[in-house]
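Chains as they are written, first to last, in my numbering: chain A, 57 to 259; chain B, 66 to 341.
Just so it is clear, CB atoms sit at the ideal spot from N, CA and C, and this is done for glycine as well.
For reference, the structure discussed in these notes is given below.
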């Protein structure tokens, strides 16, 4: 009799444990789906304004703040295909500044986002520690020469791609982009030259 | 009170030194660039002498090889005309290797000497600076200036393919002179650009010398050499590329107009809010 009772107790305990696990899984799925729903900004919008409004709404949820970069890209891609021009800078810049005002992102992060997409200055370079360049951005390559760290050159190239989206495609300002592209080339030449010189034994 | 005064002085000194550095027109002085220019000019004249000496032998060899291939000699080696052509190739090839073996190292040394002066300056004036300050310097040098008519630089490729070595030096000299007189681009960028190109030239020379070394070793063992081998083509191609500017595979970036304009100069309120 005792054995039967013990068996029944164990059975009910494990059933309730399984129920708990099932509830956890379900709530997890609900969370995943709800995050996806509230944070989703449709990339097929007809205007930049529509994307900005949707992104504003999404950004009011804390969990969506991490998608800010994606929202900006969606805004710029939409502007590029629907109505490119100088007004994009104001619309997107204002949106970014609002996020800083509302405390969703830091002021520096907001400033850097604007610079990344719309300014000639490279955040990749300005965010490097203020120490002698040769000790931070140069590395020895396959040969004996020192060269610019590949990952830095890659980061700068990625930032140039973002500036291309912001300045050239969304703002439709080829002169500004060309000037930025040239600045990028000059910066890399200067840094590469600095690295080669740093690795050379000549004084 | 004293402490506040001390801080004020300290801040003022820091501000003035930063402003002085950022406001400096150049990271490399005009006098130094003049010296670099002179060294480059001398190297250019020397490379021209070597080119003249080599031009005939390389051109003859090139036409020998073309004739051999165009007339289908590679599949008809036993034909008399082809045998003669083969012998001619061998003779001219050996001649070219000998001239190059003595002249290319001299050329490399000249390049090394010219590049050393640039290296010294970049080491002192660029390698010791931090990246954000270098960027600020470049921004201060390139924004708000009148548009540059034509880019004289070939960034990205950094290889002046299709240009004779001596012409490259003329090009460098012209770049440096133009930078001095027109102030259209930071001198230090010109210097870095010239250095990268010289390094490339030295690498080509090293590559060519290595290949020649292999070929010469091969010649002493293989008496019947004379076939137009891929290695032989490499050597001739390498020499032509370094000395005579025959294009290699790397494509030259077309210079473009540069307009130094800032994006949307309108000072929006959100901009001042972000401190932009």
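Should residue i and residue j be called a contact, given that it needs their Cβ atoms to be closer than 8 Å?
{"i": "residue 197(B)", "j": "residue 186(A)", "result": "yes"}
{"i": "residue 255(A)", "j": "residue 201(A)", "result": "yes"}
{"i": "residue 117(A)", "j": "residue 94(A)", "result": "yes"}
{"i": "residue 204(B)", "j": "residue 176(A)", "result": "yes"}
{"i": "residue 170(A)", "j": "residue 341(B)", "result": "yes"}
{"i": "residue 218(A)", "j": "residue 157(A)", "result": "no"}
{"i": "residue 188(A)", "j": "residue 134(A)", "result": "no"}
{"i": "residue 249(A)", "j": "residue 256(B)", "result": "yes"}
{"i": "residue 203(A)", "j": "residue 215(A)", "result": "no"}
{"i": "residue 104(A)", "j": "residue 161(A)", "result": "no"}
{"i": "residue 38(B)", "j": "residue 92(B)", "result": "Examination of residue 38(B) is not possible in this model, given that chain B is present from 66 through 341 alone."}
{"i": "residue 153(A)", "j": "residue 166(A)", "result": "yes"}
{"i": "residue 208(A)", "j": "residue 180(A)", "result": "yes"}
{"i": "residue 142(A)", "j": "residue 108(A)", "result": "no"}
{"i": "residue 266(A)", "j": "residue 178(A)", "result": "Outside the shown range of chain A, which is 57 to 259, sits residue 266(A), and nothing can be said about it."}
{"i": "residue 183(B)", "j": "residue 117(B)", "result": "no"}
{"i": "residue 129(B)", "j": "residue 150(B)", "result": "yes"}
{"i": "residue 224(A)", "j": "residue 233(A)", "result": "yes"}
{"i": "residue 336(B)", "j": "residue 149(A)", "result": "yes"}
{"i": "residue 266(B)", "j": "residue 179(B)", "result": "no"}
{"i": "residue 106(A)", "j": "residue 151(A)", "result": "no"}
{"i": "residue 126(B)", "j": "residue 273(B)", "result": "no"}
Taking the beta strand (DSSP E) that residue i falls in, what are its first and last residues?
{"i": "residue 120(A)", "result": "Unbroken run through residue 120(A): none, as it is neither H nor E."}
Where does residue i sit, in a helix, a strand or coil, going by DSSP?
{"i": "residue 158(A)", "result": "coil"}
{"i": "residue 250(A)", "result": "helix"}
{"i": "residue 227(A)", "result": "coil"}
{"i": "residue 204(A)", "result": "strand"}
{"i": "residue 96(B)", "result": "helix"}
{"i": "residue 195(A)", "result": "strand"}
{"i": "residue 79(B)", "result": "Here the model assigns residue 79(B) a pLDDT of 38, short of 50, so the residue's position is not dependable, and the following value carries that caveat. In this structure, residue 79(B) counts as helix in the three-state DSSP scheme."}
{"i": "residue 101(A)", "result": "coil"}
List the residues of chain B that residue i touches, going by C-beta distances under 9 Å, in chain order.
{"i": "residue 115(A)", "result": "The premise fails here: residue 115(A) is roughly 16 Å from chain B at the closest Cβ pair, so nothing lies under 9 Å."}
{"i": "residue 193(A)", "result": "196"}
{"i": "residue 188(A)", "result": "192, 193, 194, 195"}
{"i": "residue 182(A)", "result": "196, 197, 200, 201"}
{"i": "residue 167(A)", "result": "339, 340, 341"}
{"i": "residue 163(A)", "result": "338, 339, 340"}
So which residues of chain B does residue i contact, with C-beta pairs closer than 7 Å?
{"i": "residue 128(A)", "result": "Per Cβ cutoff of 7 Å: no residues; residue 128(A) is ~14 Å from chain B at best."}
{"i": "residue 254(A)", "result": "188, 192"}
{"i": "residue 170(A)", "result": "339, 341"}
{"i": "residue 153(A)", "result": "335, 338, 339"}
Could you list which residues in chain A have their beta carbon closer than 8 Å to that of residue i, in chain order?
{"i": "residue 256(B)", "result": "249"}
{"i": "residue 184(B)", "result": "252, 253, 256, 258"}
{"i": "residue 261(B)", "result": "245, 248, 249, 252"}
{"i": "residue 264(B)", "result": "201, 252"}
{"i": "residue 204(B)", "result": "176, 177, 239"}
Quick one: give me the first and last residue of the alpha helix (DSSP H) that residue i is part of.
{"i": "residue 156(B)", "result": "145-190"}
{"i": "residue 197(B)", "result": "196-207"}
{"i": "residue 168(A)", "result": "163-174"}
{"i": "residue 181(A)", "result": "179-182"}
{"i": "residue 336(B)", "result": "334-339"}
Work out the CA separation of residue j and residue i for me, nearest whole Å.
{"i": "residue 202(B)", "j": "residue 246(A)", "result": "11 Å"}
{"i": "residue 192(B)", "j": "residue 111(B)", "result": "30 Å"}
{"i": "residue 165(B)", "j": "residue 240(A)", "result": "38 Å"}
{"i": "residue 302(B)", "j": "residue 109(B)", "result": "21 Å"}
{"i": "residue 289(B)", "j": "residue 154(B)", "result": "Because residue 289(B) carries a pLDDT of 42, less than 50, the predicted location of this residue cannot be relied on, and no value is offered for it."}
{"i": "residue 121(A)", "j": "residue 242(A)", "result": "35 Å"}
{"i": "residue 177(B)", "j": "residue 263(B)", "result": "8 Å"}
{"i": "residue 106(B)", "j": "residue 113(B)", "result": "11 Å"}
{"i": "residue 226(A)", "j": "residue 334(B)", "result": "21 Å"}
{"i": "residue 254(B)", "j": "residue 173(B)", "result": "23 Å"}
{"i": "residue 271(B)", "j": "residue 131(A)", "result": "51 Å"}
{"i": "residue 159(A)", "j": "residue 129(A)", "result": "21 Å"}
{"i": "residue 275(B)", "j": "residue 192(A)", "result": "34 Å"}
{"i": "residue 207(B)", "j": "residue 114(A)", "result": "40 Å"}
{"i": "residue 123(B)", "j": "residue 156(B)", "result": "12 Å"}
{"i": "residue 126(A)", "j": "residue 185(B)", "result": "45 Å"}
{"i": "residue 88(B)", "j": "residue 144(A)", "result": "Caution is warranted here: a pLDDT of 41 is assigned to residue 88(B), below 50, making its placement in the model unreliable, and the coordinate value is therefore given only provisionally. Cα to Cα, residue 88(B) sits roughly 33 Å from residue 144(A)."}
Give the interface partners of residue i over in chain B, defined as CB-CB distance under 8 Å, in chain order.
{"i": "residue 99(A)", "result": "Within chain B, no residue comes near residue 99(A); the closest Cβ sits about 25 Å away, beyond 8 Å."}
Applying a beta-carbon distance threshold of less than 7 Å, which residues of chain A neighbour residue i?
{"i": "residue 253(B)", "result": "246"}
Under 9 Å Cβ-Cβ, which residues of chain A neighbour residue i?
{"i": "residue 207(B)", "result": "176, 235, 238, 239, 242"}
{"i": "residue 274(B)", "result": "Going along chain A, no residue has its Cβ under 9 Å from residue 274(B), so there is no contact; the nearest lies around 15 Å."}
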